[in-house]
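Participant: Below is a structure I'd like to ask you about.
Numbering (this note's numbering), first residue to last: 1316 to 1647.
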């Protein structure tokens, strides 16, 4: 049950440097949630993190956090290869779960959690934050309206520069790789804006080390006949590149920074209705995501990035790896 103020009490599983951006700061302006605890792999690290960020409870083990009866939900922020394990443990303990992307190490593991979630009354949500921003919702609305005509092509790109090669995202044992990181976003974009889960026609990877991709490109094909292309990178010739384009028989949409619409909240539309631009909120996408999670827990609002949606996403990611001649990631 929520606390006396009706707030969802969330515990962060993993004292990550990303937590201030993804949940701690958004929670400060959200009356429906409170970050009530954090867990690290040792007590000193947890204590230091809690003191720095004003979190009331600190645990030196993940199990202790999940066992806290005063917590309603767990935010899984451990390395990717452990997402599935700790999501299952949190669900078994009766907690709602917000799982940082990617949902799991592969599609089979995602399906295990989707099956568990289906037999539970707990909320399980993948943290694909851009899906909750008004710009993204508007893109979906325009596509569904038929203004662009019959879809022909969907192109999505997210290339960033992350030269810290000792990071977990470059570690195969931790389910690392560009396709698992930035690729989680572009895969979801390709599915969301393409209208269905596409078939992977071909893929080409650039490797940082054996089995670990630093960049990936893939060609896609949808059941209705239109095509798609995705590109992602953690280290490539592009210092930073982010864009999305949806082309139909009667027009097209273009926008920048599709994974973080608040940074460039402008949508360009060309159709039979003419050319126009639409502008949107600069409020952080993570704030909209936390709104959505709290709404699902407290008011039973629909989960846009559900476990079954995550299964579809991971199935494409697995297919891209196979098409590129690389092994799929495995849980640890």
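Ideal placement from N, C-alpha and C gives every residue a C-beta, glycine not left out.
Could you check where the beta strand (DSSP E) with residue 1523 kicks off and where it finishes?
Facilitator: Residue 1523 sits at position 208 when you count from the first residue of the chain shown. Per DSSP, residue 1523 belongs to the beta strand (DSSP E) from 1514-1524.
Participant: Helix, strand or coil: how does DSSP classify residue 1560 here?
Facilitator: Taking the chain shown and counting its residues from 1, the one referred to as residue 1560 is at position 245. Three-state result, residue 1560: strand.
Participant: Hey, residue 1406 and residue 1439 are a contact pair by Cβ (cut 8 Å); roughly how many whole angstroms apart?
Facilitator: Position 91 of the chain shown, counting from 1, holds the residue named residue 1406. Position 124 of the chain shown, counting from 1, holds the residue named residue 1439. With 8 Å as the limit, residue 1406 and residue 1439 qualify as a contact, their Cβ atoms being about 7 Å apart.
Participant: Are residue 1473 and residue 1454 touching if we call contact CB-CB under 8 Å?
Facilitator: For the purposes of this step, residue 1473 is taken as the residue at position 158 of the chain shown. For the purposes of this step, residue 1454 is taken as the residue at position 139 of the chain shown. Not in contact: residue 1473 and residue 1454 (Cβ atoms no closer than 8 Å).
Participant: Taking the alpha-carbon positions, what's the residue 1647 to residue 1531 distance?
Facilitator: Taking the chain shown and counting its residues from 1, one reaches residue 1647 at position 332. Taking the chain shown and counting its residues from 1, one reaches residue 1531 at position 216. Roughly 24 Å separates the two Cα atoms.
Participant: Closer than 7 Å by C-beta to residue 1636: which residues in its own chain qualify, once you throw out the five before and the five after it? Chain order, please.
Facilitator: Numbered from its first residue, the chain shown carries residue 1636 at position 321. Cβ neighbours of residue 1636 beyond the five flanking positions: 1494, 1642, 1643.
Participant: Tell me whether residue 1368 sits in a helix, a strand or coil according to DSSP, three-state version.
Facilitator: By 1-based counting over the chain shown, the position of residue 1368 is 53. Correct three-state label for residue 1368: helix.
Participant: Does the count of Cβ pairs from the segment 1458-1473 and the segment 1353-1368 closer than 8 Å reach three?
Facilitator: No, the segment 1458-1473 is not in contact with the segment 1353-1368.
Participant: What are the uninterrupted segments assigned as beta strand (DSSP E) that are 3 or more residues long and contained completely in the segment 1441-1474, given in chain order?
Facilitator: Runs found: 1466-1474.
Participant: Compare the Cα-Cα distances from residue 1561 to each of 1345, 1590, 1543 and report the closest residue.
Facilitator: Mapped onto the chain shown, residue 1561 falls at position 246. Closest option to residue 1561, Cα to Cα, is 1543.
Participant: Assuming residue 1427 is part of the alpha helix (DSSP H), what are its boundary residues?
Facilitator: Mapped onto the chain shown, residue 1427 falls at position 112. Start and end: 1422-1433.
Participant: DSSP state of residue 1565, grouped into three classes?
Facilitator: Here the question's residue 1565 lines up with position 250 in the chain shown. Reduced to three states, the DSSP call for residue 1565 is coil.
Participant: Would residue 1389 and residue 1416 be called neighbours here (beta carbons separated by less than 8 Å)?
Facilitator: For the purposes of this step, residue 1389 is taken as residue 74 along the chain shown, with counting starting at 1. For the purposes of this step, residue 1416 is taken as residue 101 along the chain shown, with counting starting at 1. No, they are not a contact pair.
Participant: Beta-carbon separation of residue 1533 and residue 1517 under 8 Å?
Facilitator: On the chain shown, residue 1533 is found 218 positions in, with the first residue counted as 1. On the chain shown, residue 1517 is found 202 positions in, with the first residue counted as 1. Cβ atoms of residue 1533 and residue 1517: closer than 8 Å.
Participant: Starting from the Cα of residue 1507, find the closest Cα among 1457, 1606, 1332, 1384 and give me that residue.
Facilitator: Mapped onto the chain shown, residue 1507 falls at position 192. Of the listed residues, the one whose Cα sits closest to residue 1507 is 1457.
Participant: Specify the secondary structure class of residue 1415 as computed by DSSP and reduced to three states.
Facilitator: Within the chain shown, residue 1415 is the residue found at index 100, counting from 1. Three-state result, residue 1415: strand.
Participant: Rounded to the nearest angstrom, what separates residue 1486 and residue 1422 at their Cα positions?
Facilitator: In the chain shown, counting from the first residue as 1, residue 1486 sits at position 171. In the chain shown, counting from the first residue as 1, residue 1422 sits at position 107. Distance between the alpha carbons of residue 1486 and residue 1422 is about 19 Å.
Participant: Quick one: give me the first and last residue of the alpha helix (DSSP H) that residue 1624 is part of.
Facilitator: Indexing the chain shown from 1 puts residue 1624 at position 309. Where residue 1624 is concerned, the enclosing alpha helix (DSSP H) stretches over 1622-1638.
Participant: I'd like the list of long-range same chain contacts for residue 1622, defined as Cβ closer than 6 Å, with 5 residues on each side in sequence excluded.
Facilitator: Counted from its first residue, the chain shown places residue 1622 at position 307. Result list for residue 1622: 1428, 1429, 1432, 1439, in chain order.
Participant: Would you call residue 1603 buried or exposed, if buried means 16 or more other Cβ atoms sit within 10 Å of its Cβ?
Facilitator: What you label residue 1603 is simply residue 288 of the chain shown in a count that begins at 1. Buried, because 16 or more other Cβ atoms sit within 10 Å of the Cβ of residue 1603.
Participant: From the DSSP output, in three-state form, read off residue 1658 for me.
Facilitator: Residue 1658 is absent from the structure shown; the chain starts at 1316 and stops at 1647.
Participant: Report buried or exposed for residue 1343, applying the criterion of at least 16 other Cβ atoms within 10 angstroms of its Cβ.
Facilitator: Taking the first residue of the chain shown as 1, we reach residue 1343 at position 28. By the 10 Å Cβ count, residue 1343 comes out exposed.
Participant: In terms of residues, what are the limits of the alpha helix (DSSP H) holding residue 1380?
Facilitator: Numbered from 1 along the chain shown, position 65 holds the residue referred to as residue 1380. From DSSP, the alpha helix (DSSP H) with residue 1380 extends over 1377-1382.
Participant: Under 6 Å Cβ to Cβ from residue 1394, same chain only, skipping five residues before and after it: list those, please.
Facilitator: Sequence index remark: in the chain shown, residue 1394 carries index 79 (1-based). Closer than 6 Å at Cβ, skipping near neighbours: 1483, 1489.
Participant: Report the residue from 1528, 1552, 1580 whose alpha carbon sits nearest the alpha carbon of residue 1448.
Facilitator: If you number the chain shown from 1, residue 1448 lands on position 133. Nearest of 1528, 1552, 1580 to residue 1448, Cα basis: 1580.
Participant: Given a cut-off of 8 Å, decide if residue 1385 and residue 1322 are closer than it, judged by their beta-carbon atoms.
Facilitator: Here residue 1322 corresponds to residue number 7 of the chain shown, with the count starting at 1. Here residue 1385 corresponds to residue number 70 of the chain shown, with the count starting at 1. No. Outside cutoff.
Participant: Per DSSP, what are the beta-bridge partners of residue 1399 in this structure?
Facilitator: Within the chain shown, residue 1399 is the residue found at index 84, counting from 1. Looking at the DSSP assignment, residue 1399 forms no beta bridge with any residue, so it has no partner.
Participant: Between the beta-carbon of residue 1497 and the beta-carbon of residue 1549, is there less than 8 Å?
Facilitator: One-based indexing of the chain shown puts residue 1497 at position 182. One-based indexing of the chain shown puts residue 1549 at position 234. It is a contact, given that the beta carbons lie within the stated cut-off.
Participant: Which residue comes first and which comes last in the beta strand (DSSP E) that contains residue 1594?
Facilitator: Working through the chain shown from its first residue, we reach residue 1594 at position 279. Segment 1589-1594, the beta strand (DSSP E) holding residue 1594.
Participant: So residue 1309 is in the beta strand (DSSP E); what residue range does that whole segment cover?
Facilitator: Within the shown structure, residues of the chain are numbered from 1316 to 1647, placing residue 1309 beyond reach of any answer.
Participant: Can you tell me which of 1380, 1349, 1597, 1378 puts its alpha carbon nearest to the alpha carbon of residue 1368?
Facilitator: Translated into positions along the chain shown, residue 1368 becomes position 53. The shortest C-alpha separation from residue 1368 is found at 1349.
Participant: Label residue 1333 either buried or exposed according to how many other C-beta atoms from any shown protein chain fall within 10 Å of its C-beta, with 16 as the threshold for buried.
Facilitator: In the chain shown, counting from the first residue as 1, residue 1333 sits at position 18. Its Cβ having fewer than 16 others within 10 Å, residue 1333 is exposed.
Participant: Can you check which of these residues, 1355, 1370, 1366, is closest to residue 1391 by C-alpha distance?
Facilitator: In the chain shown, the residue the question calls residue 1391 occupies position 76. The shortest Cα separation from residue 1391 among 1355, 1370, 1366 belongs to 1355.
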